[in-house]
Amino acid sequence: MKLAAGAVPLIVVGLGLAILAAGVGPYTIPPSHSVGLLLEQIGFGESSAPQTERAIIETIRLPRILLALTVGAALGVSGAVMQGLFRNPMADPGIIGVSTGGALGAVIAIALGLQTVFALALPGMAFVGAAAALALVYVVASLGGRFSMAALLLAGVALSAFMAAIISAIILFTSDLQAQREMLFWLAGGLGASTWTDIRISAPLVLIGIAVAVLFSRDLNLLMVSEDEAKALGVRVVLTRNLLLLAASLITGTAVAFSGAIAFVGLIAPHTLRLLIGADHRALIPLSAIGGGIFLLAADTLARVAIAPAEIPVGVVTALVGAPFFVLLLARNKARASML
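Its first residue numbered -19, the sequence shown is counted upward by one per residue in the working numbering.
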């Protein structure tokens, strides 16, 4: 019931925002033409819009809209899973170093010029970096034969700092100014280079990760209460925790690989929805996918039009919104703790 009650208004908002995003920009397209072209893409009718508008929407704006929804959904679900596993509303997909690992892989690809040799080298290296970071922190957290969530968190923080230092060193010692600009722009997060190939590669991976998270959402509810109680109720705690971590890391790595490092989406979307609908992950996880997509699409649309024809990296917009949100959340939790 909560899922349906939350999904309907979110989907309506998302559709309206997609129509707006398709029409605004340096070249404005009337809403009627935007709607007609979008409907044509899914097989409803045939638009009479001019060829220029058709080309802009089909080759530039629609792939960008879909990638924003895909990446936002990935970060939203990853945030919901991380917040549940760590029992902490301030947890974020980058908390265990996955995002920074992806960033390091991408920076290495740019420094070596691999993206000029192979188009998918940059997202490929970003994904490898994210997967390697996950594997490393998991090994550290499992030392001694027993897995520790606290050790996973601390290892992630330490590894993130280490990899951030390597990224800074690579940027500093790169003599190619164009490569430096590419690194800095990518680290700020952006969707300006979105293509249909990006959608075809990223969407299936994100859908698989979200499906795993939804499948284990009931078990995540029980894990939030107590691992002992979850075991008593038949939950395979180790398997469930590992699969949820793997799913969250998979979709975070995919998101980072195709959009760069975009912060705070995984913090804001699930936490806001948790306040509205409660902490039942059976509803929270799918709604976080929708809410995360909407939030990132709204941020990207604002990034495109705020100083048009120039463009702000979308990661800058999400950080400007997310940083104050994080401070308010921290103050709220501190005030609640002082009352106990």
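Glycine is no exception: its CB is placed at the ideal position from the N, C-alpha and C atoms.
Just so you know, these numbers come straight off a predicted model, no measurement behind them.
Check	Outcome
C-beta contact flag for G(-6) and I270 at 8 Å	yes
Check whether D199 and A210 have beta carbons under 8 Å apart	yes
Cβ pair count under 8 Å reaching 3, the region 236 to 245 against the region 98 to 107	yes
Residue from Y7, P30 and P6 with nearest C-alpha to Q16	According to the sequence shown, residue 16 is Gly rather than Gln. Looking at the Cα atoms, P30 is the closest of the given residues.
Exposure of V218, with buried meaning 16 or more beta-carbon neighbours within 10 Å	exposed
Coil, strand or helix - P50 by DSSP	Going by the sequence as given, residue 50 is Thr instead of Pro. It is helical.
Buried versus exposed, by CB contacts within 10 Å (16 or more), Q158	exposed
Exposure label - G(-4); buried when at least 16 CB within 10 Å	exposed
Three-state secondary structure (DSSP) of M143	helix
Own chain, CB closer than 8 Å to L203, minus 5 neighbours either side, in chain order	G64, L65, A210, V215, V217, T220 and R221
Uninterrupted beta strand (DSSP E) stretches inside the region 216 to 282 (no shorter than 3 residues)	none
For K(-18), the nearest candidate out of H261, D280 and A290 (CA to CA)	H261
Cβ contact (3+ pairs, closer than 8 Å) linking the region 142 to 151 and the region 76 to 87	yes
L300 (DSSP reduced to helix, strand or coil)	helix
Closest Cα partner of V301 within the set D280, G5, T177 and A290	D280
Heavy atom of the ligand SAH within 7 Å of L(-10) beta-carbon	Of the ligands one can find in the structure shown there are none, so the ligand SAH has no counterpart to examine.
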